[in-house]
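Colleague:
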Amino acid sequence: MSKDQALIFELSEPERISYSLPELDVPDIDLDEWLPEEFNRKTEPELPEVSELQLMRHYTALSKRNHGVDSGFYPLGSCTMKYNPKINEDVARYPGFAFVHPLQEEETVQGALEMMYNLQENLVAVTGMDEVTLQPAAGAHGEWTGLMMIRAYHEANGDFNRTKVIVPDSAHGTNPASATVAGFEAVTVKSNEKGLVDLEDLKRVVNHDTAALMLTNPNTLGLFEEQITEMATIIHDAGGKLYYDGANMNAIMGAARPGDMGFDVVHLNLHKTFTGPHGGGGPGSGPVGVKSDLIPYLPKPVLVKENDAYRFDYDRPQSIGRVKPYYGNFGINVRAYSYIRTMGPEGLKQVSENAVLNANYMMRRLQDAFVLPYEQHCKHEFVISGKKQKKLGVRTLDMAKRLLDFGYHPPTIYFPINVEECMMIEPTETESKETLDEFCDVLLQIAKEAEDNPEIVQEAPHTTVIGRLDETTAARKPILRYQKA
Amino acid sequence: MKHRYLPTTDQDRKEMLETIGVDSVQDLFEDIPEAIRFKGELKVEKQLFESELIRYMSKLSSQNANTLENASFLGAGVYDHAIPSVVDHVIRRSEFYTAYTPYQPEISQGELQAIFEFQTMISELTGMEVANSSMYDGPTALAEAGLLSAGQTKKKKIIVSKTVHPEARAVIDTYARGQRLSVVEVDSSNGVTDLDKLKQEIDENTACVMVQYPNFFGQLEPLPDIEKLVHEQKAMFVVSSNPLALGRLTPPGELGADIVVGDCQPFGIPAQFGGPHCGYFAVTKKLMRKVPGRLIGQTTDENGQRGFVLTLQAREQHIRRDKATSNICSNQALNALASSVAMSALGKKGVRKMAEQNIKKAHYAKTRLEEAGVETVFNGVYFNEFVIKVNGPIKELNRKLLTKGIIGGYDLGRDYPELNNHMLVAVTENRTKAEIDMFVEEVGGAK
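Chains as they are written, first to last, in our numbering: chain Z, 91 to 575; chain V, 29 to 475.
Here you go:
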């Protein structure tokens, strides 16, 4: 494979096209005359000019320089890189889903609304909440939506002094960021030696200014917060609300529901647990579920069913308003709904059981060669530390890069931030035991290389189309677009 | 239970449990306290086999009027444009759609380069120096532009023209409430922002002024005049733009905009009942380090080989946490890819030609309607949308149109009480002369 990949602009030659529009079939007008001078564009945008085959070769070449779940194992912790079913891709492209305008009259989109309504009901069942909105576009967007609802709830109670949102030190970065965007101040609660929220520290930070506690359960270490009901009591007694970050829902479907644990608001990442897919970073979908006392604050419009017909209810005086135009990332929701129907209730439960089994199996296979910071069973993912290897001069980053030589996407590294040199591994339920074994064998071999031949790890990767990139220069002297030499 | 997505066999399970040192999978769930364990079966709809799913979803799909079988004159922010076939062939390559965010550049060069190319195309179209790798959609991008402006100017007042998309204004309101910013809406006059009223509102507390170009009514806002008013008060000038229109119209970047946002849906992304589409976010170089979301930069590896990486990440939530410029994490990468492919397929000349055909076909439709005695309102220059007034509710007219295979335009009375019985008509390059003539005949007959 050639190591250099031209930019599409570098392939461009005047007059080449990959698509032809029909000739104009209405009377022509001279736009240079018709458009007022100030609106008449003079500088042409430098867009590429290539033939259709050149275009396909270009993007095919790019795709070959990219690793997806279909290319190989992708145990990226916290991201749930499971198989993306092909039937979902087909269904989402049906004309009545893909080519429907969001502002058509409601009577012309009843099938789309039925799908949305059913999906909402299914998500209510999985989470144990009372109502779900599909409007948020992604997880972080759902977090912010949920926090805005919590704020509206407190303010409706005349409670304007609840300015703080508590997040664990192991939380996803989006949690504190969403708190800020929703107008709160983020406060950190520490983890204890078991990797769980320190209840004493929680009691210390909770008080009358607490708006909410945001929590992932299982947490980002892959551990179940066993004292969740005690935590819920502490927060509720102080007048706060409990927010569930659904990034790790793949661990507990059919085993436990956030609604039963005492959570008041939940977001789900349909691109994770419900096979989205991830799309190279998006689009996702981040529905939010709430308990009954927060229903009045749901974003509007709210989808309602009356006499076997569906309509949007805009008359929601206490709603936080819109968080997104139209009704959310419908196309992703079609895929998630297809997935849920393909699994059924028993299937979803089996998904979580297998995901947890796979993670525990890998954790035990790897625990001796690395440092296992927390001894207990994990849920769908686990964290190991490369502390031992670091002493030999091999960092976790090096081991991650070495995994590339074997055709794997590395685990999440250096997150959560409370474990030194960590690797966060999430196999998911769609991987076979053979794949898990092969990956563990390679990681054990790399641990051995760190002892016997550290250079090979430190200098990795050796087989990729490009070596380690100079990120410092990229940030100091940013080149963010192509410019003709 | 056996399932095609679940490869673990009974034998595998037995061996794995042995390695773990437990007797059953249930033992791994013992850390969930008894009181909150879920017992029984989830009340999720029953499982469907693939063939059953296809039948059921086909049935639901067929209950929706689609824009392939009907001629759509509905726009209002989402448009029926030609989508080159190659777009779907590229985004269906699973190396793209089954990948995550390109945090490991050595095995993500494809995605990184494709989005670097996307950033370049958006910079070119908008006339801005820097574009990010995408936002959820145009309206949330516009709301984020408001937050950026407030952060940059340390001022709390956002001015939005009422000619900005009503749903975008609703989204801006929600985001502004989050940050305790005030939003002031400015009325329109003859379909564009009322400059006198705008001038009265802009003051030393103004963080930014937001306008849409072409605006919600399809009209072209007088950007040069607005720019002067905005910058006289040292506020930021934020323009939301349909990127296709910029294939023919002077880009906001050449008219003094500080931030240009919008939605790439017109390039290669089907309407999909409102999402996912693809927001873009472009700024001047000065604001480069304040941009929300991911940026791709060019660099080299240790051998001097050109490569691409996520860069300036110190702005982002996974590094900066509560001090991040935005909480955005997932974006719309796959749709940014779709738009890049569409722009590449159309090419420099094709984008211009497509934009021109939109103007020309809208011009033809408007002229024909006027000839047929239909009242058109607002007399400014437009892109591919214009407003007509009819006698009677738009909902009824649209019902009648649908029986002829036409999806009618947007009922402006929903958002503007003074525009009851007014329809926003969109005419893209996809509408044939025959379809336009039929629309004119039906609407003309109903006037």
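Glycine included, C-beta positions come from ideal geometry on N, C-alpha and C.
Since the structure is predicted, the reported quantities are computational estimates derived from the model, not experimental observations.
In chain order, what residues of the same chain have a beta carbon less than 6 Å from the beta carbon of Z/L332, not counting five sequence neighbours either side?
Modeller: Excluding positions up to five away in sequence, the list reads L303, A322, I325, G352, F353, D354.
Colleague: CB-CB under 8 Å to V/Q360, same chain, minus the five flanking residues each way: which ones, in chain order?
Modeller: These residues qualify, in order along the chain: S162, M163, Y164, D165, P304, H305, C306, G307.
Colleague: Can you check whether the CB of Z/T520 is closer than 8 Å to the CB of Z/Y164?
Modeller: Cβ distance not < 8 Å, so Z/Y164 and Z/T520 don't count as in contact.
Colleague: At what residues does the beta strand (DSSP E) containing V/V453 begin and finish?
Modeller: Here the beta strand (DSSP E) through V/V453 covers 450-454.
Colleague: Taking the beta strand (DSSP E) that V/L338 belongs to, which residues open and close that run?
Modeller: 334-339 is the span of the beta strand (DSSP E), which, as asked, contains V/L338.
Colleague: How would you list, in chain order, the residues of chain Z whose beta-carbon sits under 8 Å from the beta-carbon of V/N233?
Modeller: Neighbours of V/N233 on chain Z: none; closest Cβ ~19 Å, over 8 Å.
Colleague: Quick check on V/F301: does DSSP put it in helix, strand or coil?
Modeller: V/F301 falls in the helix class under three-state DSSP.
Colleague: Can a CB atom of chain V be found closer than 8 Å to the CB of Z/D118?
Modeller: Chain V contact via Cβ: present.
Colleague: Drop a sphere of 10 angstroms on the beta-carbon of V/M149, count the other beta-carbons inside from all chains shown, and report buried for 16 or more, exposed for fewer.
Modeller: So V/M149 ends up on the buried side.
Colleague: Within 10 angstroms of the Cβ of V/H391, are there 16 or more other Cβ atoms? Answer buried if so, exposed if not.
Modeller: Buried, because 16 or more other Cβ atoms sit within 10 Å of the Cβ of V/H391.
Colleague: For a contact defined as C-beta to C-beta under 7 Å, what are the partners of V/I387 on chain Z?
Modeller: Residues of chain Z passing the Cβ test: L121.
Colleague: When you compare each of Z/H191, Z/I515, Z/Q440 to Z/G476 by their alpha carbons, which one comes out closest?
Modeller: For Z/G476, the nearest C-alpha among the options comes from Z/I515.
Colleague: State the DSSP-derived secondary structure class of Z/Y577, mapped to helix, strand or coil.
Modeller: Nothing can be reported for residue 577 of chain Z, as the shown portion of chain Z is limited to 91 through 575.
Colleague: Is there contact here, the stretch 108-119 of chain V with the stretch 411-430 of chain Z, by at least three beta-carbon pairs under 8 Å?
Modeller: No: fewer than three Cβ pairs fall under 8 Å.
Colleague: Compare the C-alpha of Z/L576 against each of Z/M452, Z/K469, Z/V473 and name the closest.
Modeller: Nothing can be reported for residue 576 of chain Z, as the shown portion of chain Z is limited to 91 through 575.
Colleague: If we count the other Cβ atoms within 10 Å of its Cβ and call it buried at 16 or more, is Z/G218 buried or exposed?
Modeller: The residue is buried, with at least 16 neighbouring Cβ atoms inside 10 Å.
Colleague: From this set, Z/T264, Z/E204, Z/Y498, which residue's C-alpha is nearest Z/A228's C-alpha?
Modeller: Residue Z/T264 is the option with its Cα nearest to Z/A228.
Colleague: By alpha-carbon positions, which one of V/P421, V/L338, V/S354 ends up nearest to Z/D560?
Modeller: Checking every option, the nearest Cα to that of Z/D560 belongs to V/L338.
Colleague: Measuring alpha carbon to alpha carbon, tell me which of V/F245, V/Q333, V/M316, V/S216 ends up nearest V/R343.
Modeller: Nearest option by C-alpha distance: V/M316.
Colleague: Whole angstroms is fine: what's the gap from V/I324's alpha carbon to Z/L570's?
Modeller: Approximately 6 Å, taken between the alpha carbons.
Colleague: In chain order, what residues of the same chain have a beta carbon less than 7 Å from the beta carbon of Z/P192, not counting five sequence neighbours either side?
Modeller: Within the same chain, Z/P192 has close Cβ partners Y416, Y417.
Colleague: Which residues, in order along the stretch 404-420 of chain Z, keep a beta-carbon less than 8 Å from a beta-carbon of chain V?
Modeller: Against chain V - using a Cβ distance shorter than 8 Å - the residues of the stretch 404-420 of chain Z are I410, G411, R412, V413, K414, P415, Y416, Y417, G418, N419, F420.
Colleague: Quick check: is the beta carbon of V/Y444 nearer than 8 Å to any beta carbon in chain Z?
Modeller: No, because no Cβ of chain Z sits closer than 8 Å to the Cβ of V/Y444.
Colleague: Would you be able to state if there are at least three C-beta pairs under 8 Å between the stretch 248-255 of chain V and the stretch 119-135 of chain V?
Modeller: Short answer: they don't touch.
Colleague: So which residues on chain Z does V/I287 lean against when the C-beta distance must stay under 9 Å?
Modeller: None at all; the shortest Cβ gap to chain Z is about 15 Å.
Colleague: Please go through the same chain and pick out, in chain order, the residues whose beta-carbon is closer than 7 Å to the beta-carbon of V/D231, but skip the five residues on each side of it.
Modeller: Answer for V/D231: Q261, listed in chain order.
Colleague: Hey, how far is the Cα of Z/G366 from the Cα of Z/Y149?
Modeller: Taking the straight line joining both Cα atoms gives about 22 Å.
Colleague: Can you pull the chain Z residues whose beta carbon is under 7 Å from the beta carbon of V/G335, in chain order?
Modeller: Here the neighbours are I556, L559.
Colleague: Going by other Cβ atoms of all chains shown within 10 Å of its Cβ, with 16 needed for buried, is Z/H552 buried or exposed?
Modeller: The residue in question, Z/H552, is exposed, as its Cβ has fewer than 16 Cβ neighbours within 10 Å.
Colleague: Apart from the five residues on each side of it in sequence, which residues of its chain come closer than 7 Å, Cβ to Cβ, to Z/P391?
Modeller: Taken in chain order, the residues that qualify are F402, D403, Y404.
Colleague: To the nearest whole angstrom, what separates the beta carbons of V/N449 and V/G420, a pair I think is in contact under 8 Å?
Modeller: Yes, they are in contact, since the Cβ atoms of V/N449 and V/G420 sit about 6 Å apart, within 8 Å.
Colleague: What is the DSSP secondary structure of V/V289, reduced to helix, strand or coil?
Modeller: It is a strand residue.
Colleague: Count the C-beta pairs between the stretch 355-373 of chain V and the stretch 405-419 of chain V that are closer than 8 Å, then say yes if the count reaches three, no if not.
Modeller: No, because fewer than three Cβ pairs between the stretch 355-373 of chain V and the stretch 405-419 of chain V fall closer than 8 Å, the two stretches do not touch.
Colleague: Look up Z/E221 in the DSSP assignment and give the residues it is bridged to.
Modeller: Note: Z/E221 sits in a beta bridge opposite Z/V380.
Colleague: Indicate whether at least one CB of chain C lies closer than 8 Å to the CB of V/E62.
Modeller: Among the chains of the structure shown, chain C does not appear; the protein chains present are Z and V.
Colleague: Against chain Z, with Cβ distances strictly below 8 Å, would V/Q147 count as a contact?
Modeller: Yes, V/Q147 lies at the interface with chain Z (some Cβ there is under 8 Å from its Cβ).
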